[in-house]
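Q:
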Amino acid sequence: MDPEIILGLAATGIVLSGFGIWAFSKKRAKKPALSQEAQAVEKTLLKADLGAQVTESLLSNDKSAEAIKEEVQAVLDASLRWHDKKGVLGLESKDTPTVILFIGVNGVGKTTSIGKMAALLKREGKRVLLGAGDTFRAAAGEQLEIWAERTQSEFVFKPNADPASVLFDAVAKAKEEQIDFVLCDTAGRLHTKDNLMSELKKVYKVLGKALPGAPHEVFLVLDGTTGQNALTQAKEFMAAAPITGIVLTKLDGTAKGGIVVAIAKELQIPVRFVGVGERAEDLKPFDAKEFTEALFEG
Ligand SMILES: Nc1nc2c(ncn2[C@@H]2O[C@H](COP(=O)(O)OP(=O)(O)O)[C@@H](O)[C@H]2O)c(=O)[nH]1
Ligand SMILES: [Mg+2]
Numbered sequence: 000m001d002p003e004i005i006l007g008l009a010a011t012g013i014v015l016s017g018f019g020i021w022a023f024s025k026k027r028a029k030k031p032a033l034s035q036e037a038q039a040v041e042k043t044l045l046k047a048d049l050g051a052q053v054t055e056s057l058l059s060n061d062k063s064a065e066a067i068k069e070e071v072q073a074v075l076d077a078s079l080r081w082h083d084k085k086g087v088l089g090l091e092s093k094d095t096p097t098v099i100l101f102i103g104v105n106g107v108g109k110t111t112s113i114g115k116m117a118a119l120l121k122r123e124g125k126r127v128l129l130g131a132g133d134t135f136r137a138a139a140g141e142q143l144e145i146w147a148e149r150t151q152s153e154f155v156f157k158p159n160a161d162p163a164s165v166l167f168d169a170v171a172k173a174k175e176e177q178i179d180f181v182l183c184d185t186a187g188r189l190h191t192k193d194n195l196m197s198e199l200k201k202v203y204k205v206l207g208k209a210l211p212g213a214p215h216e217v218f219l220v221l222d223g224t225t226g227q228n229a230l231t232q233a234k235e236f237m238a239a240a241p242i243t244g245i246v247l248t249k250l251d252g253t254a255k256g257g258i259v260v261a262i263a264k265e266l267q268i269p270v271r272f273v274g275v276g277e278r279a280e281d282l283k284p285f286d287a288k289e290f291t292e293a294l295f296e297g
């Protein structure tokens with residue numbers, strides 16, 4: 000290249016980067032410095048995985064820590080408000096069975112959450128059937144079967160069968176035997192993401208054929224330790240099925256799962272249950288106040 004052109008390009012680069020720094024510092028200068036209290040809140044919220052965007056919007060207008068806390072709880076409550084809670088655990092539909100579909104990426108805790116939810120429902124005196132719609136991994140059916148035995152739930156599984164057909168049979172059996180709830184497991188991993196999403200769309204449609212109005216709930220299971228990627232997962236799964244709630248797992252460790260505030264704010268999806276361990280009794284209905292308190296504990 001001509002040395003003059005190189006010089007010219009270099010000069011342009013210097014001017015442009017100089018402009019960038021100027022523009023950045025101008026933007027920075029416009030932002031008022033955060034008070035010490037606000038700085039502490041900012042640190043806590045970022046550590047709790049609320050994400051930079053939500054944290055910044057919460058901190059605007061120089062609000063007190065208490066006001067910010069109230070706003071976070073209001074966001075979580077608002078996402079729950081449109082959900083018309085019914086019957087036992089806010090889960091019962093007017094149809095029998097009530098069908099709940101669990102979706103989410105691999106390893107987030109779908110199968111375990113189904114087992115734990117079966118335990119919750121059994122404690123309420125409900126009859127439960129677990130449908131093994133994860134036919135992708137051989138061990139997945141066995142894992143769910145163990146939960147069926149442990150919770151004395153009915154179980155439907157067909158090795159090597161199409162997930163939609165297994166879940167169709169599960170609903171048919173529940174209808175016939177007047178079982179109150181069908182909890183449907185699904186695979187979190189297929190060869191490609193497109194593959195997974197089109198399978199879920201099919202499962203959703205087939206459940207509606209097995210029982211008009213089903214599935215009554217679509218629960219997206221999210222791993223509380225995931226952070227920002229959970230928002231991406233929510234957006235992707237929303238395209239496959241209308242999510243009615245989130246089951247947020249693995250809150251028994253240090254993770255706070257604050258990303259659900261961004262999900263409630265941006266996508267209006269409420270958290271419905273939280274997982275706090277691997278035992279049958281480790282699933283709890285979501286409590287916005289308690290959750291918000293924990294976020295601010297730092
Ligand atoms: N500590 C903890 N572990 C969990 C929780 N929920 C699920 N797990 C564990 O996470 C792992 C993956 O769970 P699994 O249900 O198989 O996930 P799936 O692939 O989504 O079905 C298992 O080892 C579970 O025991 C939870 O709330 N707390
Ligand atoms: Mg599973």
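Going by numbering that gives the first Met the number 0, the first residue of the sequence shown is number 0, and it counts up by one from there. Every residue gets a Cβ at the ideal spot worked out from N, C-alpha and C, and that includes glycine. Note that this is a predicted model, so its numbers are computed, not measured.
#1: What are the residues that DSSP puts in a beta bridge with Ile-245?
#2: For my contact list, Leu-143 and Leu-206 are in at a C-beta cut-off of 8 angstroms; report their separation, rounded to the angstrom.
#3: Is Thr-191 close to ligand 1? I mean its beta-carbon at under 7 angstroms from any heavy atom of the ligand.
#4: What three-state label does DSSP hand Lys-62 in the structure shown?
#5: Compare the beta carbon distance of Gly-132 and Val-246 with 8 angstroms and say whether it is the shorter of the two.
#6: So does Gln-177 have its beta carbon nearer than 7 angstroms to some heavy atom of ligand 1?
#7: Whole angstroms are fine: how far does the CA of Gly-212 sit from the CA of Trp-81?
#8: According to DSSP, Leu-189 sits in a beta bridge with which residue or residues?
#9: Going by DSSP, what residues sit across from Ala-137 in a beta bridge?
#10: Let me check you understand the geometry: is the CB of Asp-94 closer than 7 angstroms to at least one non-hydrogen atom of ligand 1?
#11: Under the rule that 16 or more other beta-carbon atoms within 10 Å means buried, what is Leu-33, buried or exposed?
#12: Can you list, in chain order, every residue whose CB sits closer than 7 angstroms to a heavy atom of ligand 2?
#13: In its own chain, which residues sit with a C-beta less than 8 angstroms from the C-beta of Asp-184, not counting the 5 before and 5 after it?
#14: Rounded to whole angstroms, how far is the Cβ of Ile-99 from the Cβ of Glu-216, which I believe are closer than 8 angstroms?
#15: In whole angstroms, give me the CA-to-CA distance for Val-275 and Gly-252.
A: With the structure as the only source:
#1: Leu-219 and Val-270, per the DSSP bridge assignment.
#2: That belief does not hold up - the Cβ atoms of Leu-143 and Leu-206 are roughly 17 angstroms apart, past 8 angstroms.
#3: Not under cutoff, so the answer is no.
#4: Here DSSP, grouped into helix, strand and coil, assigns Lys-62 to coil.
#5: With contacts defined by Cβ atoms closer than 8 angstroms, Gly-132 and Val-246 do not form a contacting pair.
#6: No, the Cβ of Gln-177 stays beyond 7 angstroms of every heavy atom of ligand 1.
#7: Taking the straight line from one Cα to the other gives about 18 angstroms.
#8: According to DSSP, Leu-189 bridges with nothing at all.
#9: Partner(s): none; Ala-137 has no beta bridge.
#10: Outside the cutoff, so no.
#11: Burial state of Leu-33 is exposed, judged by a 10 Å Cβ sphere holding fewer than 16 other Cβ atoms.
#12: Having a Cβ closer than 7 angstroms to some heavy atom of ligand 2 are Lys-109, Thr-110, Asp-133, Ala-139, Gln-142, Asp-184 and Gly-187.
#13: Cβ neighbours of Asp-184 beyond the five flanking positions: Phe-101, Lys-109, Thr-110, Ile-113, Leu-129, Gly-130, Ala-131, Gly-132, Asp-133, Ala-139 and Leu-143.
#14: A Cβ-Cβ separation of about 4 angstroms places Ile-99 in contact with Glu-216 under the 8 angstroms criterion.
#15: C-alpha separation (whole angstroms): 8 angstroms.
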